[in-house]
Amino acid sequence: MSGGIRHLPILMITLPMVGAALMPFISYVRRGAVPWASALFLAASSALGLALIGKIPPDGSVGYRLGGWEPPFGIELMVDFTGYFLMMVVCGISLLSLVYSRPYIMREVEGGKITAYYVLFLLLSASMMGFVVTGDIFNLFVFMEILSISSYALVAVTGNRNAVRAAFKYLLMGAPSSIMVLLGIGLLYSVTGTLNMADLAMRIGESGYREVLIAAYAVLVLAFMVKAAIFPLHLWLPDAHSIAPSPMSAMLSGLVVAVSAFAIGRITFSVFTTRPWGLVSSTLEALAAAGAAAVLFGGIMAIYQRDFKMMIAYSTVSHMGYIVLGLTALNPEGLTGAVYHVLDHGVAKACLFLCAGNFIYRKGIRRIDQLKGAWQEMPWTCFAFALAAWSVIGLPPSAGFISKWYLVYGNVKADRVPYAVVLLLGSILAAVYCFRVIYYMFFQPGEEGAWGDKVADAPSGMLAPTWILSLATLFFGVFSYLFIDSLLKAAASLL
Amino acid sequence: MPEGATRSVVPLLPVLLPWISLVAILLMPKKAPRVRLWLCFAGSALTFLVVILMLPGVLDGKTYYFKLASIVEGLEISLYVDTLGYYFALVLAFMWMLATLYSISYIDHKHNRFFAFLALCCSFLIGCAFSRNMFTYFIFYEMMTFGSYPLIIHEETTMARRAGYKYLVYAIAAGTVLFFAIIANYFWGGGVLDFERWGLLSLETASRAALLTIFFTYIAGFGVKAAIMPLHGWVPDAHPAAPSPASALLSGVILKAGAFGIMRVIFNLFGVDLMKELGVHWIVAVFACITIVMASVFALTQDNLKRRLAYSSIGQVSYIILGLTMVSRDGALGGVMHLAHHALMKACLFLCAGVILVKTGKKNISEMRGIGYRLPVTMICFSVCALAMMGTPPSVGFISKWLLGSGSMQAGLPVYVVILLVSSLLNAAYFLPIIYTAFFRWEGDEEGAHHPKLDFSTENDQLMMGPVVLLALLVVVVGIWVTVPGFPYSLASRVVDFIFP
Amino acid sequence: MNLWHNYHYAVAMVLFCVGLYTVIMRRNIIKKIIGLNIMETSVFLFLISIGYRKGGVAPIHAEGLDPSRMVNPLPQSLILTGIVVAVSVTALALSMVILLYRQFGTLDVSRLFREETEEAD
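Heads up: the protein sequence lines correspond to chains A, B and C, in order. If you want the working numbering, it's the 1-based position in the first sequence plus 2. If you want the working numbering, it's the 1-based position in the second sequence plus 11. If you want the working numbering, it's the 1-based position in the third sequence plus 6.
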């Protein structure tokens, strides 16, 4: 990769950041232009990302030195295929949620804060993109902090008392975990003297401070477990995700936690590389057990929820367990499953939250039993929901099926049949909570007058992103062969 | 690309053609109901036509192959027409055409939903029949499973909802078990799941315990659809709840998708030899025997006609399973042929039950006194099929039973003959009273009143009567001219020739 | 290398635990935020002591200074970034505390949560 193209990844990250900085000025000139301008910045980012298609080798990575400083001192972006793939996922889903926000956010947020919402939104997307491709572990921390702070603020953006409380709960769990990440980085630095991931990977093998390394790894994993809301550290998630404005829930649930879960993979495969002394095996085993518990616990809790968004949030808890089980299988198939699950979980979960947003926008409905007969009134939303739910359950031919296939296969291959069974049980639970909603929507007659006068479906500005996402679940299932081969290669090279 | 196969788009056509109905429904959801329904029928008729046109090629020994997508090496979504798959596709396309025709007149509300899902299921089932590997089969199978849910709960009564719920519970559990089986098979089968060999797995590539796990998870997964006891729970609820054409398809084809899956597992993935070596065939056979007898006993106690027929289906599908697990040439032949034979008979019986329901509103057998005089054609067709079910010659039922009996002698296990005879007896015990009530009892017969006059006027609905009569005729005709090309024997014998050369 | 020589590490760890204890056990949310800051400070102390060198000088290149006597500048720059992050988190947290106090009239976590369960019913 040469010429101007090699600057594209960093441009993808900086564009939304520049956009975030410009938004207050644009708002000063003309407030109505803010949503469009921010969408433009993200769209430009996505376009740059599309220009990179085929340029990133599946079995290797492209380094980019910020400011031309040599790696051990300067900050390096390490764009490997997995990172690029996730960057595109982040870009795409963020763009759609952003477009969706325009009509929705007018309702929920006072006028003055709309600009703030978009600024934070752009910062969040930019930091997530940086988060997945950075090759410097301290840079990882910085991006994670931008990501976390903008998430806290976005949960609370409506200023409503429950929202602030949920955001504060999120902060109370998130901030200590951030500090623990810093502690972990400090521990690593103290025994290796470097912050570059590739360099770290090399020096960890040579370093003699075994206990310190084990502690560093455990601290990092524990910290990211909080960020990724992996059972039993998920306590902040259901409140925060269900109370945030729906496009924000889509971002938080679809991307933020999944990307944080992926960070565990980054630490494991790019830094600790799983080889020396079986450094990480006991932590990984504990992590896998937590993941399995998350799959079951999240699924069961989701079944008992009465609040629609709460149910989707618990489903996220369950799906984070899937990703962890894939990562800890330590084989290319499991890792591919996990990465592909970040994609299909992101797309499907974002779609579910946007559907929930449509109901809230039109009818203020939050409870599942209020959805009876919704099909008659809002058919487009309901069909989009059904398609996305299909993928959440993991039924063929949706994207969820493909990732489930690789997750289960990876676990069987790693000789972890019990975990494979847990994954399957998880999808049974998913079927239960999804079909319950589908049943209410499509096969239950609505109560007389429950829907009042004829309610129109959501405006097309909201329906379009919802439908693009729900069709994407099918697209990435049917056309998974476009990605799986490269992902498998990338995963094999990571291991 | 399978050996000797022709790369051709032909297998894709029958999968896509049913979508004509869907397009018709989507394009004109409210206008011109008759035109729309006839377009739906045209979709299924065209599908059948295309399948029929493939017959000469298939009888010539040709196989067709079409790749939809390849996910990674060895794991691809592709269509492949071999004799066995073609045989199933032929049966189901024919049944589907008749059921669609029948539904035009039968379904009286929410046409769009019913016909849309009817078409979808048809498409997915043909996809099942033409799957090249278990991966593709599973994809289509699961879509078909959930696509048939709206058919079952179509009436939207409390009973239908409950049946639908039960169906979903069974389907989801079975799908999960199956998913595990396929992954295990993929892992221990060397990363391939293809159907084109007669025995993919072997003891060299996988341990005995692994093979046993795979085999029984497969059987459990497909056994739910094939209603092997004790996995049959959803069947007796779903059939009476669903509209009659849907129950005809449920019994005639969808249950068979499970049996067909077991065929693929036994013939293509494991191979008869490996199954024998593992010594698992008799375990399945025992379950099949239990199902055959118990289902008939349960059927005896049912008063609801469709429920009785549903129990009968449970028993009959286990004939197929029993035939497959006999490990003898005639047994396999009988099993494979019974797939089509039973579809003909049971579909006709359910369609008759539908006619009775529409014309007289009667569901229970005890209310059907003298119904043979009010609906003579229907009840004659019903009687023909019921007699065929008992194995009376000349009929398809007789052929199946004959072959199965001969198969058990070949396998050296005459005990199966006893089971078959007991089952025939029980069949007689639950079918004959229906015929007796219909023709030899009437209102006031105990007081010596003369039987009522035959009344042909009520059966004026050709759309419903056509399929019923055609099926009843075929039950006899196929049972007499067994070897006509295109009839089950011509295809099934080719399949069995591969397995027992 | 024994504990005595590395007492700064021990102090950092003790501070970290004190901070964590405060965050988890204290019911007053402002105290929780103070605990957060103690945790942060402990990590900063830890990082800065990694780069410390006895008798070292500030890492500014000038004539007549021996680079080998300079302290490691990297941890210092990390801490600068860390402090910026810590300040912004604290600012955000405090602004949330103000909002919470206005709306709930309490700073006690258990009362905040109790109300939550009441509202759910």
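Backbone N, C-alpha and C define an ideal beta-carbon position, used for all residues, glycine too. None of these values were measured; they are calculated from a predicted model.
N-terminal and C-terminal residue of the beta strand (DSSP E) that residue i is part of
i	result
B/ALA80	74-83
A/GLU78	78-82
A/SER63	63-67
B/TYR91	86-92
B/ALA16	16-18
8 Å contact criterion, which residue i and residue j should meet: CB distance rounded
i	j	result
A/TYR363	A/MET464	7 Å
B/PHE3	B/VAL92	Within the shown structure, residues of chain B are numbered from 12 to 512, placing residue 3 of chain B beyond reach of any answer.
A/MET89	A/MET14	7 Å
B/THR389	B/GLU470	6 Å
B/PHE233	B/ILE277	Contact doesn't hold; Cβ gap of about 10 Å is too wide.
B/SER258	B/HIS349	Not quite, the Cβ-Cβ distance comes to about 19 Å (not below 8 Å), so this is no contact.
B/HIS250	B/LEU261	6 Å
A/VAL193	A/TYR211	4 Å
A/LEU496	A/PHE271	4 Å
A/THR383	A/ASP459	6 Å
A/PHE355	A/ILE395	Between A/ILE395 and A/PHE355 the Cβ distance is about 17 Å, and since that is not below 8 Å, they are no contact.
A/GLY301	A/ALA432	6 Å
B/ALA532	B/MET475	One cannot answer for residue 532 of chain B here, as it falls past the ends of chain B, which runs 12 to 512.
A/PRO18	A/ALA128	4 Å
B/PHE128	B/LEU162	6 Å
Residues that residue i contacts on chain A, provided the C-beta gap is smaller than 8 Å
i	result
B/ALA221	Residues of chain A passing the Cβ test: none, with the nearest at roughly 10 Å.
C/ALA64	Residues of chain A passing the Cβ test: none, with the nearest at roughly 18 Å.
B/MET154	LEU397, PRO398 and PRO399
Chain-ordered chain C contacts of residue i [CB-CB under 7 Å]
i	result
A/ALA158	MET102
A/SER192	ILE56
Chain C residues whose Cβ lies nearer than 9 Å to that of residue i
i	result
A/LEU88	Chain C residues near A/LEU88: none, gap ~23 Å exceeds 9 Å.
A/PHE170	ILE35, ALA99, MET102, VAL103, LEU105, LEU106 and LEU118
Partner residues on chain A for residue i, Cβ-Cβ distance less than 7 Å
i	result
B/LEU179	PHE437
B/ILE183	ILE430 and ALA433
B/PHE233	Simply none; closest approach about 16 Å.
Span of the alpha helix (DSSP H) around residue i
i	result
A/THR285	283-305
C/LYS37	35-56
A/HIS321	310-329
A/LEU356	334-365
B/GLY68	66-70
A/LYS57	Unbroken run through A/LYS57: none, as it is neither H nor E.
B/GLU288	283-289
Beta-carbon neighbours of residue i, restricted to chain B and to distances below 8 Å
i	result
A/ASP346	Under the 8 Å cutoff, chain B gives no residues; its nearest Cβ is about 14 Å from A/ASP346.
Interface partners of residue i on chain B, CB under 7 Å
i	result
A/LYS415	PHE198
Proximal chain A residues relative to residue i, where beta-carbon distance stays under 9 Å
i	result
B/PHE126	Near B/PHE126 there are no residues of chain A at all, since even the closest Cβ is about 16 Å away, more than 9 Å.
Residues, ordered as in the chain, of the segment 420-436 of chain A that lie near chain B by beta-carbon distance below 9 Å: Closer than 9 Å at the C-beta level to chain B, one finds these residues of the segment 420-436 of chain A: ALA422, VAL423, LEU426, LEU427, SER429, ILE430, ALA433 and VAL434.
Segments assigned beta strand (DSSP E), at least 3 residues, entirely inside the segment 383-458 of chain B: The qualifying runs do not exist here; there are none.
Length at least 4, wholly inside the segment 23-57 of chain B: the alpha helix (DSSP H) runs in chain order: DSSP runs (the alpha helix (DSSP H)) wholly in the segment 23-57 of chain B: 23-27 and 30-38.
Length-filtered (4 minimum) alpha helix (DSSP H) runs lying within the segment 391-453 of chain A: Every alpha helix (DSSP H) of 4 residues or more that sits fully in the segment 391-453 of chain A is shown, in chain order, as 401-415 and 419-440.
4-residue-minimum alpha helix (DSSP H) runs that sit fully inside the segment 292-339 of chain B, ordered along the chain: Those alpha helix (DSSP H) runs which fall completely within the segment 292-339 of chain B and span 4+ residues are 292-311 and 316-336.
Uninterrupted alpha helix (DSSP H) stretches inside the segment 104-145 of chain B (no shorter than 4 residues): Whole alpha helix (DSSP H) segments, 4+ residues: 122-140.
Residues from the segment 243-254 of chain A in contact with chain B, defined by Cβ distance under 9 Å: Flagged: no residues at all.
Contact set between the segment 27-39 of chain C and chain A, restricted to residues whose Cβ is under 8 Å from the partner: The residues in question are VAL29, ILE35 and LYS38.
Positions along the segment 78-107 of chain B whose CB lies within less than 7 Å of some CB in chain A: Legend: CB atoms of the segment 78-107 of chain B lying less than 7 Å from CB atoms of chain A belong to residues ALA80, SER81, ILE82 and VAL83.
Near-chain A residues of the segment 193-223 of chain B - C-beta to any C-beta below 7 Å: So the list reads ILE194, ALA195, TYR197 and PHE198, given in the order they occur along the chain.
Secondary structure, beta strand (DSSP E): runs of 3+ residues fully inside the segment 98-164 of chain A: The segment 98-164 of chain A contains no whole beta strand (DSSP E) run of 3 or more residues.
Near-chain B residues of the segment 472-488 of chain A - C-beta to any C-beta below 8 Å: Taking 8 Å as the Cβ-Cβ cut-off against chain B, the residues of the segment 472-488 of chain A that qualify are VAL480, PHE481, SER482, TYR483, ILE486 and ASP487.
Near-chain C residues of the segment 134-155 of chain A (beta-carbon distance less than 9 Å), N- to C-terminal order: Answer in chain order: PHE140, PHE143, VAL144, GLU147, ILE148, SER150, ILE151, TYR154 and ALA155.
In chain order, each alpha helix (DSSP H) run of at least 4 residues that lies wholly inside the segment 177-247 of chain A: Listed in chain order, the complete alpha helix (DSSP H) runs (minimum 4 residues) inside the segment 177-247 of chain A are 199-208, 212-229 and 239-245.
Sequence ranges, alpha helix (DSSP H) only - wholly within the segment 226-273 of chain B, length at least 4: Runs found: 246-252 and 255-260.
Segments of 4+ residues assigned as alpha helix (DSSP H) that fall wholly inside the segment 450-490 of chain A: Runs of the alpha helix (DSSP H) inside the segment 450-490 of chain A: 462-480.
Interface residues of the segment 181-206 of chain A facing chain C [CB-CB below 7 Å]: Correct list: ILE181, LEU184, LEU185, GLY188, TYR191 and SER192.
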